[in-house]
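**Q** Going down the list, the protein sequences come from chains S and V. Residue numbers are given in the working numbering: position 24 of the first sequence equals residue 24, and the series is strictly consecutive. To get the working numbering, take the position in the second sequence, counting from 1, and add 191. Got a structure for you, questions after.
Number of protein chains: 2
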Amino acid sequence: MARLKDDTKIQSIHDAACNLLLKKGFDGLKMADVAKQAKLATGTIYIYYKTKEDLINALFTAIKQEISNELLHPKNQKTDFFSTFKSMWFAYFNYCINKPQNMLFVEQFYHSGLLTSQTLTITDTLMQPVYKFIELAQKNDIVRNLDVYFIQAQIAGAIHEIVKVSLTKKAKLTKTSIQHCFYMAWNSIRK
Amino acid sequence: MARLKDDTKIQSIHDAACNLLLKKGFDGLKMADVAKQAKLATGTIYIYYKTKEDLINALFTAIKQEISNELLHPKNQKTDFFSTFKSMWFAYFNYCINKPQNMLFVEQFYHSGLLTSQTLTITDTLMQPVYKFIELAQKNDIVRNLDVYFIQAQIAGAIHEIVKVSLTKKAKLTKTSIQHCFYMAWNSIRK
DNA sequence: TTTATAAATGAATAATTATTCATTAATTTT
DNA sequence: AAAATTAATGAATAATTATTCATTTATAAA
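Structural data, given as C-alpha cells:
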C-alpha cells in the first residue's frame with residue numbers, strides 16, 4: 001500500500017555514473033553530480049544505495065554481468081572454435097565501442113580499492129565459462145598453451161586500448177581496420 | 192644564500208604517490224597520505240607543487256619521459272626490425288613488471304580529466320620516434336598495415352593487462368609464459 | 001475516495017581532504 | 001660566526017563532497 005521503487009531509476013543512476021566517468025574522469029564522480037545527471041535529487045540515490053561504495057560495487061557487478069551475457073549469448077555458439085571465438089571477439093569489441101563508459105568504469109575501479117572481495121569473486125565467476133572454452137581449445141591444440149588468464153588478458157587488453165585510442169580520435173576505426181584488429185587478436189593466440 | 196630545494200624529495204614524492212596508487216587505488220591518493228608516505232610534512236609538497244593537479248601532471252610527464260627513454264635507449268637499436276622490436280617489447284614489459292605502480296598511474300590518470308592538454312601534447316610527442324619506427328617497418332612490408340596508434344594499442348594494451356593479471360596473482364609469469372607473451376605480440380602485428 | 005506507506009526532495013550537516021600560514025630549522029654567503 | 005634567505009613543519013582553515021533528515025509527493029491497497 002505504498003509507492004514502489006522504480007527500476008528505471010536504477011538504470012538512470014547507472015547510466016549517469018558511467019557517462020560522468022567517461023566525460024569527466026573519476027574526479028567527476030560526485031554523488032550530487034550523478035544525481036543531477038540522472039535527473040534525481042541527491043538524496044534519492046541513497047534510497048537505492050546505502051553508500052557511494054555500494055553504488056560502485058553494484059554498478060561494477062551489473063556491467064560485468066552484462067558483458068558475460070553478451071559473451072555467452074547462444075548466438076555466439078558456432079560449430080568450430082575459430083567461428084565462436086570470432087563471434088565472441090566481435091561481441092566484446094562492439095560492446096566496448098558502444099559502451100566505452102562501461103568499459104572505462106570497470107577498468108578504473110578494478111584497482112580502485114573500492115571493490116569488495118565479494119564483488120571480485122562474483123565477477124570472476126561470471127567469466128569462468130569463457131576460460132573453460134579457451135582451455136578446451138588448448139587441449140585440441142588450436143590455441144597457444146598459456147595460462148588462460150594471460151590469453152584473456154592479451155585479447156581484452158588489446159581491445160580496451162584500441163577502443164581508447166578510438167575515443168581520443170587519434171585514429172579512426174573503419175571496417176578494414178576492425179578486421180585488422182580481429183586478426184591481430186586471432187594471430188596472437190592461435191597455434 | 193639560503194637553503195636549496197632538494198631533488199631527492201621530488202623523487203620521494205613521486206614514488207610515494209605511485210606506490211599509494213598501487214596499494215590503495217586512486218582513492219588513497221590524498222595529499223596528506225602522499226606526504227606521510229614520502230616522510231614529509233603535508234605542507235612540504237606545496238613547496239614543490241602548487242596544487243595536487245600540478246603534482247599529477249608532473250608525475251605523469253616524468254613517467255612518460257622515463258618510459259620513452261627506456262624504449263629509445265640505444266641498447267634496443269638492433270640491425271633488423273624483429274630484433275629491435277623484441278628488445279623494445281622486453282624493455283617495456285620489464286618496465287611494467289618492475290614499476291607496475293607507474294604503469295597504473297599513467298593508465299588511471301590518462302582519462303581522469305586532471306591532465307592538461309599541454310601534458311597530453313608533450314607526452315604524445317615523446318612517443319613519435321616509436322611510431323616512425325613502426326611506420327618504416329610497414330613500408331618494408333614487415334608489419335601489418337594499420338594506423339600505428341592501433342598497432343601500439345595492441346602491443347601496449349596486451350602488456351598492461353597481462354601485468355595486471357600477474358599483479359592479482361591469478362596467474363604467475365614464468366620464463367616460458369613471458370616468451371609466449373612476446374610471441375603473441377609479435378604474431379599479432381607481423382605480416 | 002481515503003488512508004497508509006514508502007519514495008522523492010534538497011537544504012542542512014557531517015566528514016573528508018586540499019591548501020595555507022605562522023613558526024622553526026637549515027644552509028648558503030659574506 | 002652572523003645574517004639572510006628559503007626550505008620544512010604541521011596545526012588550523014577553507015573547500016569540497018558524502019550523507020542525513022524533516023518535509024512533501026505519489027501510489028498501492030482498503
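By construction, the Cβ of each residue, glycine as well, lies at the ideal position given by its N, Cα and C atoms. Keep in mind the model is a prediction, meaning the values are calculated, not measured.
If I follow the unbroken alpha helix (DSSP H) through A165(V), where does it start and stop?
**A** Residue 165(V) lies beyond the stretch modelled for chain V, which goes from 192 to 382, so this question has no answer here.
**Q** With a CB to CB cut of under 7 Å and the five nearest residues on each side skipped, what residues in its chain are close to V148(S)?
**A** So the qualifying residues of the chain are Y131, I134 and E135.
**Q** By the 10 Å Cβ neighbour count, where 16 or more other Cβ atoms means buried, how is Q345(V) classified, buried or exposed?
**A** Buried: at least 16 other Cβ atoms inside 10 Å.
**Q** Quick one: is L114(S) near chain V, going by C-beta distance under 8 Å?
**A** By this cut-off, L114(S) is an interface position.
**Q** Run down chain S in chain order and give the residues with a C-beta less than 9 Å from the C-beta of M375(V).
**A** Result: R144, L146, F150, I151, Q154, N187, S188 and I189.
**Q** Let me confirm a value: G25(S) is counted as buried when at least 16 other C-beta atoms fall within 10 Å, else exposed. Which label applies?
**A** It is buried - the Cβ of G25(S) has at least 16 other Cβ atoms within 10 Å.
**Q** Flag this pair as yes or no: are the beta carbons of I258(V) and Y286(V) separated by less than 8 Å?
**A** Yes. Within cutoff.
**Q** Can you say whether F273(V) is buried or exposed, counting buried as having 16 or more other CB atoms within 10 angstroms of its CB?
**A** F273(V) is exposed by the Cβ-count criterion.
**Q** Taking C-beta pairs closer than 7 Å, name the residues in chain S that I288(V) reaches, listed in chain order.
**A** Those within 7 Å of I288(V) in chain S number zero; the least Cβ separation is about 13 Å.
**Q** Cβ atoms of M318(V) and A349(V): under 8 Å apart, would you say?
**A** No.
**Q** In chain S, which residues lie less than 9 Å from E326(V) when you measure between Cβ atoms?
**A** The premise fails here: E326(V) is roughly 13 Å from chain S at the closest Cβ pair, so nothing lies under 9 Å.
**Q** Please report the Cβ distance between K64(S) and V34(S), rounded to the nearest whole angstrom; I am assuming they are in contact, meaning their Cβ atoms lie under 8 Å.
**A** At roughly 20 Å, the Cβ-Cβ gap does not stay under 8 Å, so K64(S) and V34(S) are not in contact.
**Q** With contact counted as at least three CB pairs below 8 Å, one residue from each stretch, are the segment 107 to 122 of chain S and the segment 53 to 61 of chain S in contact?
**A** Segments in contact, yes.
**Q** When burial is assigned at 16 or more other CB atoms within 10 Å of the CB, is K164(S) buried or exposed?
**A** Counting Cβ neighbours within 10 Å, K164(S) comes out buried, since at least 16 surround it.
**Q** Which whole-angstrom value is the C-beta distance of K290(V) and S278(V), which I expect to be below 8 Å?
**A** Not quite, the Cβ-Cβ distance comes to about 18 Å (not below 8 Å), so this is no contact.
**Q** Please list the partners that K277(V) has in chain S, where partner means a Cβ-to-Cβ separation under 8 Å.
**A** Correct list: empty, because the minimum Cβ distance to chain S is about 15 Å.
**Q** Taking all protein chains shown into account, do 16 or more other C-beta atoms lie within 10 angstroms of the C-beta of R3(S), making it buried, or fewer, making it exposed?
**A** Exposed, since its Cβ has fewer than 16 Cβ neighbours within 10 Å.
**Q** What separation, rounded to the nearest whole angstrom, lies between the Cα atoms of I47(S) and G28(S)?
**A** In a straight line, the C-alpha of I47(S) is about 21 Å away from that of G28(S).
**Q** Determine whether the Cβ of L246(V) lies closer than 8 Å to any Cβ atom of chain S.
**A** Not closer than 8 Å to any Cβ of chain S, the Cβ of L246(V) fails to qualify, so no.
**Q** In terms of residues, what are the limits of the alpha helix (DSSP H) holding S308(V)?
**A** Run containing S308(V): S308 to L317, per the alpha helix (DSSP H) assignment.
**Q** Are there 16 or more other CB atoms within 10 angstroms of the CB of H264(V), so buried, or fewer, so exposed?
**A** Exposed: under 16 other Cβ atoms inside 10 Å.
**Q** Based on the DSSP output, what are the partners of R3(S) in its beta bridges?
**A** For R3(S), which the question treats as bridged, DSSP gives no partner whatsoever.
**Q** Hey, would you say K143(S) sits closer than 8 Å to K75(S), going by beta carbons?
**A** A small fix is needed here, since residue 143(S) is Val in this sequence, not Lys. No; because the gap between Cβ atoms is not below 8 Å, this pair is not in contact.
**Q** Closest to A253(V) by C-alpha separation, out of K214(V), D206(V), L231(V) and L212(V), would be which residue?
**A** Checking every option, the nearest Cα to that of A253(V) belongs to D206(V).
**Q** Given that A208(V) touches chain S, what residues does it touch there, using C-beta distances under 7 Å?
**A** In chain order: nothing, as chain S lies at least about 15 Å away.
**Q** May I ask whether a heavy atom of the ligand SAH can be found less than 7 Å away from the beta carbon of A232(V)?
**A** The ligand SAH is not among the ligands present in this structure, which contains no ligands whatsoever.
**Q** Answer yes or no: do K379(V) and N187(S) have a C-beta to C-beta separation smaller than 8 Å?
**A** Here the sequence assigns Ser to residue 379(V), which means Lys is not the residue at that position. Cβ atoms of S379(V) and N187(S): closer than 8 Å.
**Q** Quick one, which of F90(S), I13(S), D80(S) and M31(S) has its alpha-carbon nearest N140(S)'s?
**A** Selected option, being the one with the closest Cα: D80(S).
**Q** If you drop the 5 nearest sequence neighbours on each side, which residues of the same chain put their C-beta closer than 8 Å to that of A32(S)?
**A** Taken in chain order, the residues that qualify are T42.
**Q** So, does the CB of K24(S) fall closer than 8 Å to a CB anywhere in chain V?
**A** Yes - at least one Cβ of chain V is within 8 Å of the one on K24(S).
**Q** Determine the chain V residues that contact E66(S) at a beta-carbon separation under 9 Å, and present them in chain order.
**A** Those do not exist, as E66(S) stays about 20 Å from chain V at its closest Cβ, beyond 9 Å.
**Q** Chain S partners of S368(V), CB-CB under 8 Å?
**A** Those within 8 Å of S368(V) in chain S are L146, D147 and F150.
**Q** Rounded to whole angstroms, what is the Cα-Cα separation between I13(S) and I342(V)?
**A** One C-alpha to the other measures close to 36 Å.
**Q** Note down the Cα distance separating T84(S) from A137(S), rounded to an integer number of angstroms.
**A** One C-alpha to the other measures close to 11 Å.
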